[in-house]
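Visitor: My structure is below; once you've seen it, I'll send some questions.
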Amino acid sequence: MTFGDHLSERVEQVPPSGIRRFFELAEEVDDVISLGVGEPDFSAPWAARTAAIDSLERGKTSYTSNRGMRELREAISERVTRYGQEYDPEDEIIVTTGASEAVDLAFRAFVDQGDIVAIPQPSYISYTPGALFAGGEPLPVPTHAEDEFKLTPEALEAAGADEADVLVLCYPNNPTGAVMTDDELAGVAEFVREHDLIVLSDEIYADLRYEDDHASIATHPGMRERTIVFNGFSKAYAMTGLRLGYAMGPSEAIDAMNKVHQYAMLSAPTTAQYAALEALRSCDDAVEEMVNEYDRRRRFVLARFEEMGMDCFEAKGAFYVFPEVPDGDDEAFAEGLLEEQNVALVPGSVFGSGGEGHLRVSYATSMKELRVAMNRIEAYVRDT
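Mapping of the sequence shown onto my numbering: residues 6 to 389, in sequence order.
Right, dumping it as structure tokens:
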């Protein structure tokens, strides 16, 4: 008898990560430039790092409250008012080990066996496995380039999401860079209220928008009481390795998530919490500098794809663009580009329906490398 004989059905039905397969291919290639990583190429702001070091020097290495340091929750509560969100730090905010843990807590707290979880696609690769691990039934809701990958009530209706129990949102979006405005979210909110869904809204890229301000579905009438909002410090503050996120929602929802959290994780990393607290207090200028640089790269990459004749809608959030491949075969394009030009991209098909025929291109790398990579992509397009 082996562990393979005891593998759970939930694990068996989840395939390995498609992104990981391309990273492993890229590791075998010399002189590779990777535009496939969803991680800032900046370091965390110095003030945040200094706060982390100082907390260690002062021996602040014990557990914090399950829900996170009260001072940090208060700072989060104050910060999110810029998005029109209001949450009580006492019982409506929980600090987690990355936003990924917060999403997982929500799936485990609110998805029962057989519940239908509507997931607009293309989407971050962890949502479907997360729903499956919780016993849910993922329902893909395709979005399309002609709609700039925005979610619409019509798309929800066509996919059968009126029968769903949970809707997952991610705007600004990974992998497409799509954003939604308040007016566009209003239609989705109406659908959600009409069909009595709860919403899990991943807003980890909220600070990475390049035109309009971030809009949250939780601020719409009748939505606060049925929405959990996720955010964190990995993307805007370049603190991916510190693993710190948070969730906000009605007290009864946060209580349920904390029940899972206190048994599975106990509390988020203490050192990271001190870094995050200082980030909220004093690092806005550093974030603004990073966002301005991302925007410069975004405009450069979009212009280069246009010059190559590759269709690419104007992504306005996160640090991704999502161009269409000339022949529609995204996996063949990505493999050929890696083999012939040493540039690693992620095929759009790994992000679900609606992603086929596209590529996720991350511009979270230096302008110097972006210039070389875009020249190599152009050469590959020209020669194939």
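No residue lacks a Cβ here, since even glycine has one placed at the ideal position from N, Cα and C.
Check this for me: beta carbons of residue 252 and residue 99, under 8 Å apart or not?
Guide: Yes, Cβ-Cβ distance for residue 252 and residue 99 is below 8 Å.
Visitor: For the 8 Å Cβ check, are there 3 or more pairs between the segment 357–375 and the segment 323–336?
Guide: Yes, the segment 357–375 touches the segment 323–336.
Visitor: Between which two residues does the beta strand (DSSP E) carrying residue 232 extend?
Guide: Here the beta strand (DSSP E) through residue 232 covers 232–237.
Visitor: When DSSP labels each residue in this structure, what does residue 126 get in the three-state scheme?
Guide: Here residue 126 sits in strand by DSSP.
Visitor: Is residue 290 buried or exposed, if buried means 16 or more other CB atoms sit within 10 Å of its CB?
Guide: Label assigned to residue 290: exposed.
Visitor: At which residues does the alpha helix (DSSP H) containing residue 103 begin and terminate?
Guide: Here the alpha helix (DSSP H) through residue 103 covers 103–115.
Visitor: So what does DSSP say about residue 266, is it helix, strand or coil?
Guide: If DSSP states are grouped into helix, strand and coil, residue 266 belongs with the helices.
Visitor: Per DSSP, residue 207 is paired with what?
Guide: Answer is 175, 235, bridged to residue 207.
Visitor: Where do the N-terminal and C-terminal ends of the beta strand (DSSP E) with residue 87 fall, by residue?
Guide: Unbroken run through residue 87: none, as it is neither H nor E.
Visitor: Are the segment 118–133 and the segment 258–274 touching, with three or more C-beta to C-beta distances below 8 Å?
Guide: At 8 Å Cβ cutoff, the stretches do not touch.
Visitor: Taking the C-alpha atoms as reference points, what is the distance between residue 102 and residue 384?
Guide: Computed Cα separation, rounded: 42 Å.
Visitor: Measure the CB-CB distance between residue 282 and residue 77 and report whether it falls below 8 Å.
Guide: Going by C-beta atoms, residue 282 is nearer than 8 Å to residue 77.
Visitor: Using a Cβ-based criterion (distance less than 7 Å to any ligand heavy atom), does residue 47 qualify as near the ligand FAD?
Guide: Among the components modelled here there is no ligand, and therefore nothing to report on the ligand FAD.
Visitor: Could you tell me the alpha carbon to alpha carbon distance between residue 164 and residue 287, rounded to whole angstroms?
Guide: Straight-line Cα distance between these residues: approximately 45 Å.
Visitor: Residue 311 to residue 184, Cα distance in whole Å?
Guide: So the alpha carbons of these two residues sit roughly 20 Å apart.
Visitor: With 16 other CB atoms within 10 Å as the buried threshold, where does residue 159 fall?
Guide: It counts as exposed.
Visitor: Beta strand (DSSP E) containing residue 60: first to last residue?
Guide: It is not in any beta strand (DSSP E) - residue 60 instead sits in the alpha helix (DSSP H) that spans 51–62.
Visitor: Kindly identify the DSSP beta-bridge partner or partners of residue 363.
Guide: BP columns for residue 363 point to 329.
Visitor: Please say whether residue 357 and residue 4 have beta carbons closer to each other than 8 Å?
Guide: Any question about residue 4 goes unanswered here, given that the chain covers just 6 to 389.
Visitor: With 16 as the cutoff for other CB atoms within 10 Å, does residue 86 come out buried or exposed?
Guide: Result: exposed.
Visitor: What does DSSP give as the partner residues of residue 351 in its beta bridges?
Guide: Paired residues: 365.
Visitor: Nearest to residue 35 by alpha carbon, out of 369, 349, 376, 379?
Guide: Taking only the C-alpha atoms, the option nearest residue 35 is 349.
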